[in-house]
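Novice:
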Amino acid sequence: MEEINRARALLAGAGRIVTFSGAGLSAESGIATFREVQTGLWAQYDPTELASPEGFARNPALVIDWYNDRRRKLSSAWPNAAHEALARRDDLTHVTQNVDHLLEAAGAARVLHLHGRIDSDRCHRSCGFETPVDIAKPPSLRSCPRCGAPMRPSVVWFGETLPSVVWEMAVEAVVAADALLVVGTSGVVFPAAGLIDLAHRSNTSIIVVNAEPIRSPANVRLIGSAAELVPMILPE
Ligand code: OAD
Numbered sequence: 003m004e005e006i007n008r009a010r011a012l013l014a015g016a017g018r019i020v021t022f023s024g025a026g027l028s029a030e031s032g033i034a035t036f037r038e039v040q041t042g043l044w045a046q047y048d049p050t051e052l053a054s055p056e057g058f059a060r061n062p063a064l065v066i067d068w069y070n071d072r073r074r075k076l077s078s079a080w081p082n083a084a085h086e087a088l089a090r091r092d093d094l095t096h097v098t099q100n101v102d103h104l105l106e107a108a109g110a111a112r113v114l115h116l117h118g119r120i121d122s123d124r125c126h127r128s129c130g131f132e133t134p135v136d137i138a139k140p141p142s143l144r145s146c147p148r149c150g151a152p153m154r155p156s157v158v159w160f161g162e163t164l165p166s167v168v169w170e171m172a173v174e175a176v177v178a179a180d181a182l183l184v185v186g187t188s189g190v191v192f193p194a195a196g197l198i199d200l201a202h203r204s205n206t207s208i209i210v211v212n213a214e215p216i217r218s219p220a221n222v223r224l225i226g227s228a229a230e231l232v233p234m235i236l237p238e
């Protein structure tokens, strides 16, 4: 309880709050995380086959079918109490590694998606063509209408660089923040996880909410459910 009070006091006293989230934020909406031992996606599937340019070159239809399964599951998911508590505050900037739309569905206005979005497709050759996808009825493997290259989800795969404008905006927001609220991430995927270290170097207070302890700097660590803890610590 003392830790909850400390987190609440830090957030209440912070003028500019930035959130940094990962798959644990959406876990209680029924969306699988990546690294949990039994249920995590990377425990069941091989990321080099399904989330890399090399895997896509080897078997593009397999990759698209896997993303389309995730899209269909996401189409019936709803924001949970953590998304809702974050979205209630319209002064926050949300930096997320999540490719889902659940923060936006809860009403959050300023969301920076470091790893892209699953509800959009883009040309794999980067001719610039990009188009929204109906995640309830996603299209099978198809070609770019502009240049004929295969279309792929607008997400970042292993070995690819983050969208530079989004990354720069995230860095700027973290450097200027008084508090960074880290929710539901293992903090092991870089460069995204480097934002926590950046906050530490910038003397930003860091509050970590996660189901298990993570190795990162933090002023307060709360171990438990995001949907329970975030509404308890974030003043409306
Ligand atoms: P991970 O699966 O690595 O970590 C999710 C974290 O959330 C774990 O530490 C869990 O303990 C925690 N967690 C699970 N359920 C929770 C809950 N209900 N409340 C609070 N915490 C909970 O997912 P990410 O850190 O998001 O990248 O992974 C980072 C990146 O790795 C992803 O964006 C993805 C993946 O490969 C790309 O696809 C590029």
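For the sequence shown, my numbering assigns the number 3 to the initial residue and increments by one for each residue that follows. The beta-carbon is built from N, C-alpha and C at its ideal position, and this holds for glycine as well.
With distances taken from CA atoms, which of 134, 144, 164 is nearest residue 114?
Specialist: The option with the nearest alpha carbon to residue 114 is 164.
Novice: Using DSSP with H/G/I as helix, E/B as strand and the rest coil, what is residue 202?
Specialist: Residue 202: helix per DSSP, three-state reduction.
Novice: The alpha helix (DSSP H) that contains residue 98, what's its start and end?
Specialist: Looking at the DSSP string, residue 98 is not in any alpha helix (DSSP H); the run it does join, the beta strand (DSSP E), is 95 to 98.
Novice: At a cut-off of 7 Å, is residue 81 close to ligand 1 when judged by its beta-carbon and the heavy atoms of the ligand?
Specialist: No - ligand 1 has no heavy atom lying nearer than 7 Å to the Cβ of residue 81.
Novice: Grouping DSSP H, G and I as helix and E and B as strand, with all else coil, what is residue 30?
Specialist: Reduced to three states, the DSSP call for residue 30 is coil.
Novice: Only counting runs of 3 or more residues, tell me where the beta strand (DSSP E) segments fall wholly within the region 94 to 170, in order along the chain.
Specialist: Here the runs fully enclosed are 95 to 98, 113 to 115, 118 to 125, 132 to 134, 153 to 157.
Novice: Just to check, is the beta-carbon of residue 24 closer than 7 Å to a non-hydrogen atom of ligand 1?
Specialist: Flag set: Cβ of residue 24 near ligand 1.
Novice: Consult DSSP for residue 225 and reduce its assignment to one of helix, strand or coil.
Specialist: Reduced to three states, the DSSP call for residue 225 is strand.
Novice: On a CA-only basis, which of 151, 182, 189, 105 is nearest residue 12? Give me that one, please.
Specialist: The shortest Cα separation from residue 12 among 151, 182, 189, 105 belongs to 182.
Novice: Per the contact definition of three or more C-beta pairs closer than 8 Å, is the region 53 to 63 in contact with the region 204 to 215?
Specialist: The answer is no - the region 53 to 63 does not touch the region 204 to 215, with fewer than three Cβ pairs under 8 Å.
Novice: Using 8 Å as the limit for Cβ to Cβ distance, is residue 132 near chain D?
Specialist: The displayed structure is made up of one protein chain only, and chain D is not part of it.
Novice: Pairing CB atoms from the region 184 to 192 with CB atoms from the region 133 to 144, are three or more of them under 8 Å?
Specialist: No contact exists between the region 184 to 192 and the region 133 to 144.
Novice: Enumerate in chain order the residues of its own chain whose CB-to-CB distance from residue 221 is below 6 Å, with the five nearest sequence positions on each side excluded.
Specialist: For residue 221, where only same-chain residues beyond five positions count, the Cβ hits under 6 Å are 207, 208.
Novice: Quick check: the region 86 to 98 against the region 123 to 137, are there 3 or more CB pairs under 8 Å?
Specialist: Output reads no: the region 123 to 137 does not touch the region 86 to 98.
Novice: Which two residues bound the contiguous beta strand (DSSP E) that contains residue 22?
Specialist: First-last of the beta strand (DSSP E) with residue 22: 19 to 23.
Novice: Between the Cα of residue 69 and those of 230, 92, 123, 214, spot the shortest distance and give me the residue it belongs to.
Specialist: Selected option, being the one with the closest Cα: 123.
Novice: Let me confirm a value: residue 82 is counted as buried when at least 16 other C-beta atoms fall within 10 Å, else exposed. Which label applies?
Specialist: Buried is the call here.
Novice: Would you say the beta carbon of residue 99 is closer than 7 Å to some non-hydrogen atom of ligand 1?
Specialist: Result yes, Cβ under 7 Å from ligand 1.
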